[in-house]
Structure formats: C-alpha cells, structure tokens
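Trainee: Can you keep this structure in mind? I'll have questions shortly.
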Amino acid sequence: MLGDMIATRDSYGNALVELGKEHDNLVVLDADLAEATKTIKFRNAFPDRHIDCGIAEANMVGIAAGMSTAGFVPFASSFAMFAAGRAFEQVRNAVGYPKLNVKIGATHAGISVGEDGATHQCNEDIALMRTIPGMVVINPADDVEARAAVKAAYEYYGPCYLRFGRLAVPTINDEATYKFEIGKGVELRKGTDLTIIATGLPVSESLKAAEMLEADGISAQVINIHTIKPLDEDIVVAAAKATGKIFTVEEHSIIGGLGSAVAEVLAEKCPTKVTRIGVKDVYGESGPAKELLKKYELDAEGIYKQVKASL
Amino acid sequence: MNKLELQKKAVEVRKGIVTGVHSAKAGHPGGSLSAADIFTYLYFEEMNIDPANPKDENRDRFVLSKGHTAPGLYSTLANRGFFPVEDLLTLRHTGSYLQGHPDMKHIPGVDMSSGSLGQGLSTAVGMALAAKMSGKDYRTYCLCGDGEIQEGQIWEAAMFAGHRKLDNLVVIVDNNNLQIDGSVDEVCSPYPIDEKFAAFGFHVISINGNDFDEIDAAFAEAKATKGMPTAIIAHTVKGKGVSFMENKAGWHGKAPNDEEYAIAMDELGKAGDALC
Chain L
1 MLGDMIATRD SYGNALVELG KEHDNLVVLD ADLAEATKTI KFRNAFPDRH
51 IDCGIAEANM VGIAAGMSTA GFVPFASSFA MFAAGRAFEQ VRNAVGYPKL
101 NVKIGATHAG ISVGEDGATH QCNEDIALMR TIPGMVVINP ADDVEARAAV
151 KAAYEYYGPC YLRFGRLAVP TINDEATYKF EIGKGVELRK GTDLTIIATG
201 LPVSESLKAA EMLEADGISA QVINIHTIKP LDEDIVVAAA KATGKIFTVE
251 EHSIIGGLGS AVAEVLAEKC PTKVTRIGVK DVYGESGPAK ELLKKYELDA
301 EGIYKQVKAS L
Chain G
312 MNKLELQKKA VEVRKGIVTG VHSAKAGHPG GSLSAADIFT YLYFEEMNID
362 PANPKDENRD RFVLSKGHTA PGLYSTLANR GFFPVEDLLT LRHTGSYLQG
412 HPDMKHIPGV DMSSGSLGQG LSTAVGMALA AKMSGKDYRT YCLCGDGEIQ
462 EGQIWEAAMF AGHRKLDNLV VIVDNNNLQI DGSVDEVCSP YPIDEKFAAF
512 GFHVISINGN DFDEIDAAFA EAKATKGMPT AIIAHTVKGK GVSFMENKAG
562 WHGKAPNDEE YAIAMDELGK AGDALC
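Protein chains in written order, with this note's numbering: chain L, 1 to 311; chain G, 312 to 587.
Now the structure itself:
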C-alpha cells in the first residue's frame with residue numbers, strides 16, 4: 001500500500017518466495033546472512049533450494065556460476081560490501097565474462113546500514129558493478145519496485161546485480177498500476193525549473209525535497225532511475241534539454257555511481273551542469289540510519305539544501 | 312582405450328601443446344605438459360562426453376581451474392574432435408576463439424571459463440551440487456595447480472564440497488612442484504596437500520600423474536568412493552615429454568623459439584615412434 005514502510009531487503013525475501021513457488025529452477029545462495037538478507041523467508045519455504053555457503057562469499061559466487069551452467073537460476077545473496085566488494089573479481093570473471101545467468105542480491109547497501117558503521121556500509125558497489133561489461137545494475141526505490149525488479153531479474157537471461165537496503169522506506173509506487181521495465185527510467189513528478197534524478201532509498205526523500213522547493217516557487221521534475229545500467233539515456237537527455245539543471249541523488253559515493261553515469265551521458269550527448277548529491281568520497285560511520293542520512297544530507301532537508309545551494 | 316593407445320594420444324596432445332604455444336609465441340607449456348596424461352585420460356577414457364554434442368546436459372563436466380594450462384585442454388579437445396587440430400596454430404592470436412585462458416562462450420567442449428586462479432573449483436562444486444539437486448548422474452572433474460591451491464578460495468570450495476559430501480566431484484591437483492617464482496615449497500608451501508584435503512572431508516589418492524596405470528586406478532577408485540568427494544594428488548613432472556623443459560620453472564610461461572620447437576617436436580616424434 002502507498003505509504004507503507006518496508007525495507008527493500010524484505011521485498012527481496014518476499015519476492016524470492018513468490019517466484020520460488022512458480023519456478024523450480026530458482027535457487028538461493030547465502031553466506032551466513034539469511035536472517036539479515038531476508039532470504040530466510042525463502043529458506044523456510046523451500047529449504048532444499050536454499051544453499052548456505054557459510055562465510056565464504058567468493059566461493060558462493062563461484063558455486064552460483066557453476067549451478068547456472070546446469071540450468072539453475074541462482075540468486076547469490078549477501079551484503080553489498082561482500083557481494084560486490086569482496087567477491088568483485090569472482091562476479092567479474094566467473095559470472096560476467098561468461099555471461100552466466102546469475103543474480104547477485106545485495107542487501108545492506110549504503111550508509112543506512114546504520115550502527116554497524118563504515119566497514120559494512122558499501123557506497124562503492126554501483127561503481128564496481130557498473131564497470132563489468134554486460135552487467136545489469138538495479139537499485140529499486142521501494143517495496144513495489146523491489147519485488148518487480150526481482151521478478152524482472154529472474155525473467156532476464158544474464159548477469160544482474162540487485163541492490164537493496166536495510167532501512168524501511170515508504171512505498172511510493174502503486175502496485176496496481178506500476179510497470180517495471182529494466183533500463184527504463186520513471187518520471188515521478190513533473191517540473192520545469194530543474195530535474196532531480198534519484199535512485200534507491202533517496203527517491204522518496206527527493207520527492208519530499210521537490211515539495212519543499214515547490215513552496216519556494218521552484219518547479220522540480222523528479223525522475224527515478226531504478227536501472228543504473230543500462231541507463232535510460234533518453235529520459236536523462238530529455239530532462240537536460242527541458243530544464244537545463246540536473247541534480248543526481250543516490251545513497252552511494254558521488255564517484256562512479258548514478259551521478260557519474262548521468263554525467264557521462266550528458267557530457268557526450270547534451271552538456272549540462274550536473275550536481276551530484278551522494279556520499280562525498282568519505283567513509284560512513286556508526287549511528288542510527290536516519291541520523292546518518294541527515295548528517296550526510298541524504299534526507300529531504302539535505303537534498304533541498306544542496307539543490308538550493310547550487311542554484 | 313588401452314594404455315598404449317592412451318600413451319600415443321598423450322604424445323599427440325603434447326605435440327599440440329608445443330605447437331600451439333610456439334605459434335602463439337606465448338603461453339604456458341610447463342603445466343600443460345605435466346598434466347597432458349591426465350587431460351588425455353579424462354577425455355579419451357574417463358569422461359562421458361560427445362564432441363558432436365558438447366552441450367549435452369547429461370555430459371560429464373570438466374573445469375580447468377589452473378586455466379593458464381589452456382594449451383593442454385585445447386590440444387586434448389582438438390585431438391578428441393571438438394574442433395580442428397590445425398586451429399591450435401591460432402592460439403592466442405587476435406580474433407581467434409582459442410583465447411589465452413579457457414572461454415566457454417566460444418570454445419566447443421569448454422564447460423567453464425577460467426584462468427583467474429582459485430575460482431575454478433568453486434564453479435565445479437556448483438556443477439556437482441546442481442547434479443545432486445536435479446537428480447542427474449553426471450560427474451564433475453576439476454584440475455587445480457599445486458601453486459594455485461595457495462589461493463584461499465580453493466579451501467572455501469573444498470570445505471563446502473566436503474560438507475555437502477559431493478561424491479560426484481573429483482579434484483585433481485597437478486603436483487609438479489613448480490610455480491612461477493620457484494618450487495612451491497620454497498615460495499609458500501602447500502604441503503602436505505593430501506592431509507589438507509583429507510581434513511576437508513575428501514577421500515585422497517596420491518599417484519604418479521604421468522603413469523596411466525596409476526591414473527586409471529585412481530579414477531576407478533574415485534568412482535567407487537561414495538559419501539565424500541575425491542582428491543587425486545597427481546605427482547607429475549613439469550614440462551614432461553620435452554627434455555629441456557622438464558622440471559624447469561622457467562618453462563612455466565614461456566614459448567619455445569624455432570630451434571627449441573624443432574627439438575621438442577623431434578623428441579615427441581621419437582617418443583611416438585617408440586610406441587609403434
């Protein structure tokens with residue numbers, strides 16, 4: 001329901017259970033984090049198709065690759081730090097290079113991991129995964145989108161990285177009408193003065209920031225980019241042409257993520273000033289997730305302030 | 312195939328290795344030659360494979376975890392009929408499908424892309440687990456290097472294989488005792504290899520990996536072993552079959568020049584003649 005608060009990691013677990021009912025070849029691999037990644041829901045429903053690899057993410061990705069060659073569709077799950085960070089080279093060489101049908105389900109992305117602190121707050125995973133040729137990179141914004149993304153990833157043949165969060169976020173998409181298409185950006189709010197292009201957790205905060213801007217007489221368009229690769233270049237270029245002011249918002253380093261992807265496209269196709277809002281080339285720290293989002297200016301207030309400062 | 316026929320095939324496989332690496336002016340002859348008898352046995356005797364149907368879902372699988380010895384695998388596949396032997400001359404050439412390391416997307420008979428050391432065993436474990444979960448009776452074979460097992464991921468995979476009692480998996484360690492920087496025991500000793508695999512829940516068989524009688528017995532024993540995976544520790548001679556390459560770390564990753572190539576082919580030719 002609109003407004004419901006659900007963490008996308010829960011959406012991931014729920015979607016796996018639903019898909020598991022329909023597809024016998026779907027298997028879920030985990031590295032001793034089933035409780036946290038929420039794949040425990042799948043384990044409870046389909047214990048024979050849940051494979052706990054122990055605390056060995058590199059091996060988990062390799063096992064997933066091997067299983068995919070025999071017709072299984074593995075979802076290899078861990079925290080973003082370990083799935084994309086620790087196992088980067090396994091994902092690159094054992095999954096990406098042979099173009100295997102493996103899905104990497106990465107939860108606990110970004111600083112909203114909260115109290116665990118910097119070692120577990122992965123702000124680099126989009127950058128890492130985006131450089132792998134042929135890798136699809138998806139970062140859903142809410143429960144509706146996250147569940148649709150998991151289904152789309154299953155139906156898509158090839159390597160796919162799915163990014164989920166630990167913190168509950170409001171449902172902004174209406175399940176009855178929402179359609180998810182890999183590589184297709186979604187205009188959530190019309191506007192004429194500037195464009196906020198957001199991905200993942202801060203999409204809902206960007207919508208709130210747009211309302212705050214509206215109160216100041218500034219009309220902000222908001223675009224949700226759930227698929228960072230392949231990027232919807234058309235919607236980005238069209239926005240740049242229409243408003244001429246682009247702001248990217250992500251719970252990720254400003255280096256290598258959505259901001260970079262948008263800037264790369266616009267530099268080549270429609271040179272436009274791009275202001276990147278995100279984690280500013282620093283490590284995170286311990287603290288409640290909401291306090292950290294405020295401190296790192298990724299809540300509505302922080303996004304609003306940064307947009308205003310750059311106008 | 313009887314022992315004499317296997318020995319003859321192994322000579323042809325070795326000729327293909329030397330020819331491919333010479334043509335490429337680069338590559339890894341030492342570890343390809345040490346494992347040539349194992350490659351030959353697997354593809355001409357042990358494995359259930361069909362060159363006419365390389366993607367058969369019930370085929371036995373092979374993962375070359377020590378992927379740099381691709382010349383050994385390619386020469387074996389070519390001699391077995393997966394692709395023309397003449398194509399070995401294109402090894403590592405721009406535009407050739409015979410990439411420097413195994414590429415499953417483009418090379419008939421290659422079951423897994425590999426080459427980044429330490430990763431192949433995990434993928435083989437995935438294949439073996441998939442067989443168990445889908446009720447298929449194919450077997451999975453994985454060849455590792457003795458230097459390669461310095462990679463920690465090998466032991467992650469071994470722990471999982473032992474834990475899951477994957478008796479449809481056979482790991483072969485090509486124990487030629489040499490890696491790029493010297494002998495494995497001097498660089499960073501993996502010994503005792505047999506005890507390590509045993510500790511991880513494997514049935515372990517140690518053999519002379521250049522002797523077809525011992526290779527034959529080991530794979531028969533592996534097949535008869537139930538309830539645990541098997542590790543065959545194959546003691547081999549790096550560069551086996553080419554006198555000036557034998558037991559020389561320097562021939563790990565170096566191509567013979569024209570003169571050396573002629574000597575190597577002459578030696579292998581005579582070895583083949585001696586078997587007739």
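Using N, Cα and C, we set each Cβ at its ideal position, and we do this for glycine too.
Assess, as a yes-or-no matter, whether the stretch 103-115 of chain L is touched by the stretch 265-272 of chain L under the definition of 3 or more beta carbon pairs within less than 8 Å.
Mentor: Because the criterion of three Cβ pairs below 8 Å is not met, the stretch 265-272 of chain L and the stretch 103-115 of chain L do not touch.
Trainee: Closer than 9 Å by beta-carbon distance: list the chain G residues that pair up with glutamate 89/L, in chain order.
Mentor: Within chain G, the residues near glutamate 89/L are Ser427, Gln430.
Trainee: Between Glu316/G, Thr330/G, Val324/G, Ala321/G, which has its C-alpha nearest glutamate 570/G's C-alpha?
Mentor: Per the Cα distances, Thr330/G.
Trainee: If you follow the beta strand (DSSP E) that histidine 108/L is part of, which residue opens it and which one closes it?
Mentor: That residue, histidine 108/L, is in no beta strand (DSSP E); it is neither H nor E in DSSP.
Trainee: By DSSP, does histidine 120/L sit in helix, in strand, or in coil?
Mentor: DSSP places histidine 120/L in helix when its eight states are reduced to three.
Trainee: If we count the other Cβ atoms within 10 Å of its Cβ and call it buried at 16 or more, is phenylalanine 555/G buried or exposed?
Mentor: Exposed.
Trainee: Strictly below 9 Å CB to CB, what residues from chain L border leucine 416/G?
Mentor: Contrary to the premise, residue 416/G reads as lysine rather than leucine in this sequence. By Cβ distance, chain L contributes Tyr97, Pro98, Lys99.
Trainee: Less than 8 Å separating the beta-carbons of alanine 168/L and alanine 7/L?
Mentor: Cβ atoms of alanine 168/L and alanine 7/L: closer than 8 Å.
Trainee: Chain G beta carbons: is any one of them nearer than 8 Å to that of isoleucine 303/L?
Mentor: With 8 Å as the cut-off, isoleucine 303/L does not count as an interface residue toward chain G.
Trainee: Please look up how many angstroms separate the CB atoms of alanine 309/L and glutamate 250/L, rounded, as I've assumed it's under 8 Å.
Mentor: Not quite, the Cβ-Cβ distance comes to about 18 Å (not below 8 Å), so this is no contact.
Trainee: If you draw a straight line from the alpha carbon of isoleucine 51/L to that of leucine 207/L, how long is it in whole angstroms?
Mentor: Taking the straight line from one Cα to the other gives about 39 Å.
Trainee: If distances are taken between C-alpha atoms only, which option among Arg43/L, His226/L, Asn123/L comes closest to valine 150/L?
Mentor: That would be His226/L, whose Cα lies nearest to the Cα of valine 150/L.
Trainee: Does the Cβ-Cβ distance between lysine 319/G and leucine 586/G come in under 8 Å?
Mentor: Going by C-beta atoms, lysine 319/G is nearer than 8 Å to leucine 586/G.
Trainee: Shortest alpha-carbon distance to histidine 417/G belongs to which of Asn568/G, Lys443/G, Ala535/G, Leu402/G?
Mentor: Of Asn568/G, Lys443/G, Ala535/G, Leu402/G, the residue nearest in Cα terms is Leu402/G.
Trainee: Do the stretch 469-489 of chain G and the stretch 541-561 of chain G make contact, defined as three or more Cβ pairs closer than 8 Å?
Mentor: The answer is yes - the stretch 541-561 of chain G touches the stretch 469-489 of chain G, with three or more Cβ pairs under 8 Å.
Trainee: Any C-beta of chain L sitting closer than 8 Å to the C-beta of threonine 434/G?
Mentor: By this cut-off, threonine 434/G is an interface position.
Trainee: Please say whether valine 481/G and threonine 541/G have beta carbons closer to each other than 8 Å?
Mentor: Cβ distance < 8 Å, so threonine 541/G and valine 481/G count as in contact.
Trainee: My guess is that isoleucine 372/G and aspartate 361/G are in contact by the Cβ rule of under 8 Å, so how many angstroms apart are they, rounded?
Mentor: The displayed chain sequence assigns arginine, not isoleucine, to residue 372/G. With a Cβ gap of about 13 Å, arginine 372/G and aspartate 361/G do not count as contacting.
Trainee: Closer than 7 Å by C-beta to glutamine 90/L: which residues in its own chain qualify, once you throw out the five before and the five after it? Chain order, please.
Mentor: Excluding residues within five positions, the ones whose Cβ falls inside 7 Å are Ala58, Val61, Gly62.
Trainee: Would you please verify whether the beta carbon of alanine 76/L is less than 8 Å from any beta carbon of chain G?
Mentor: Taking Cβ atoms only, chain G never reaches closer than 8 Å to alanine 76/L, which makes this a no.
Trainee: Quick one: what's got a C-beta closer than 6 Å to glycine 411/G's C-beta in the same chain, skipping five residues either side?
Mentor: Cβ within range, chain order: Arg403.
Trainee: For arginine 315/L, report the span of its beta strand (DSSP E) as first-last.
Mentor: The requested residue 315/L does not occur in the structure, where chain L is confined to residues 1 to 311.
Trainee: With a threshold of 16 other CB atoms inside 10 Å of the CB of valine 282/L, please say whether the residue is buried or exposed.
Mentor: By the neighbour-count rule (16 or more Cβ atoms within 10 Å), valine 282/L is not buried but exposed.
Trainee: For phenylalanine 72/L, which residues in chain G fall below 7 Å Cβ to Cβ?
Mentor: What phenylalanine 72/L touches in chain G: Ala441.
Trainee: Determine the direct distance from the alpha carbon of isoleucine 126/L to that of histidine 252/L, and round the result to whole angstroms.
Mentor: Distance between the alpha carbons of histidine 252/L and isoleucine 126/L: 8 Å.
Trainee: So, tyrosine 502/G versus methionine 358/G, is the Cβ gap smaller than 8 Å?
Mentor: Going by C-beta atoms, tyrosine 502/G is not nearer than 8 Å to methionine 358/G.
Trainee: Would you say alanine 582/G lies against chain L (beta-carbon separation less than 8 Å)?
Mentor: With 8 Å as the cut-off, alanine 582/G does not count as an interface residue toward chain L.
Trainee: Under 8 Å between C-beta atoms, does serine 624/G make it to chain L?
Mentor: In the structure displayed, chain G extends from 312 to 587; residue 624/G sits before or after that span and is not available.
Trainee: Please state whether the Cβ-Cβ distance between alanine 347/G and glycine 512/G is less than 8 Å.
Mentor: Against a cut-off of 8 Å, the Cβ pair of glycine 512/G and alanine 347/G comes out as no contact.
Trainee: If you measure from the CB of serine 494/G, is any heavy atom of the ligand NAD nearer than 7 Å?
Mentor: Because no ligand of any kind appears in the structure shown, any question about the ligand NAD cannot be addressed here.
Trainee: Within a Cβ cutoff of 7 Å, which residues of the same chain sit near asparagine 139/L, ignoring the five residues on either side of it in sequence?
Mentor: Excluding sequence neighbours, asparagine 139/L sits near Ile126, Arg163, Thr199, Gly200, His226, Ile228.
Trainee: Would a C-beta distance cut-off of 8 Å place glycine 338/G and leucine 388/G closer than the cut-off?
Mentor: No; because the gap between Cβ atoms is not below 8 Å, this pair is not in contact.
Trainee: Does the structure place the stretch 284-303 of chain L close enough to the stretch 171-191 of chain L that three or more beta carbon pairs sit under 8 Å?
Mentor: The stretch 171-191 of chain L is not in contact with the stretch 284-303 of chain L.
Trainee: Check glycine 383/G in the structure and name its three-state DSSP category.
Mentor: Residue state, collapsed to three classes: helix.
Trainee: Counting along the chain, where does the beta strand (DSSP E) carrying glutamate 251/L start and finish?
Mentor: Element bounds for glutamate 251/L: 245-253.
Trainee: If the criterion is Cβ atoms closer than 8 Å, does the pair glutamine 490/G and histidine 379/G meet it?
Mentor: No, these two residues do not count as a Cβ contact at 8 Å.
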